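Participant: Here's a structure for you.
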């Protein structure tokens, strides 16, 4: 969590005359979690922030007031993903197993078509009967 957000949380808590212990009790959280949030040492979920806001009788906008800076995604370093299996918006190429399975299915289908005896269609039978 950013330091600015933690400072806002601490300032608002103190303005309400609450201790970390009181706020934590009202929010059904551990006091150390509130402390970590105020110091910017943790990344609380939006649900946790919403709970703290509700207990402080403020909106999320009030909590984020005055914070204008933004940061790039933490998982990106030099334009590369941090993990190889990290989610991406780019489609993945098919795996070797998928390609092999598709080729096997294609060959199987061709073999079935070649093994099928060619029977005249009902239209060609009618034409033969009429002549």
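In our numbering, the protein residues as written are 53 to 183. C-beta: ideal position from N, C-alpha, C; glycine also. Bear in mind the structure is a predicted one, so any value in this text is a computation, not a measurement.
1. To the nearest angstrom, how far is it from the Cα of residue 162 to the Cα of residue 100?
2. Can you tell which of 67, 95, 55, 103 has the C-alpha that lies nearest to the C-alpha of residue 76?
3. Quick one: residues in its chain with C-beta nearer than 6 Å to the C-beta of residue 90, no 5 flanking neighbours on either side, listed in chain order?
4. Return the first residue and the last residue of the alpha helix (DSSP H) that residue 64 is part of.
5. So for residue 120, helix, strand or coil by DSSP?
6. Taking contact to mean at least 3 C-beta pairs separated by less than 8 Å, is the stretch 106-114 in contact with the stretch 63-75?
7. Would you report the Cα separation of residue 155 and residue 144, rounded to the nearest angstrom?
8. Would you identify the three-state DSSP class for residue 165, choosing helix, strand or coil?
9. When you compare only the Cα positions, how much space is there between residue 153 and residue 121?
10. Considering only the beta carbon of each residue, do residue 56 and residue 119 sit closer than 8 Å?
11. Output needed for residue 160: all residues of its chain with C-beta closer than 7 Å, excluding positions within five of it in sequence on either side, in chain order.
Facilitator: Here's the rundown:
1. For residue 162 and residue 100, the distance between alpha carbons rounds to 59 Å.
2. Here the closest residue by C-alpha is 103.
3. For residue 90, where only same-chain residues beyond five positions count, the Cβ hits under 6 Å are 58, 61, 62.
4. From DSSP, the alpha helix (DSSP H) with residue 64 extends over 55-67.
5. Taken through DSSP and simplified to helix, strand or coil, residue 120 comes out as coil.
6. These segments touch.
7. Approximately 19 Å between the Cα atoms of the pair.
8. For residue 165, the secondary structure class from DSSP, reduced to helix, strand or coil, is helix.
9. One alpha carbon belongs to residue 153, the other to residue 121, and they sit about 50 Å apart.
10. Yes, the Cβ-Cβ distance between residue 56 and residue 119 is below 8 Å.
11. Counting only Cβ-Cβ distances below 7 Å, and skipping sequence neighbours, we find nothing.
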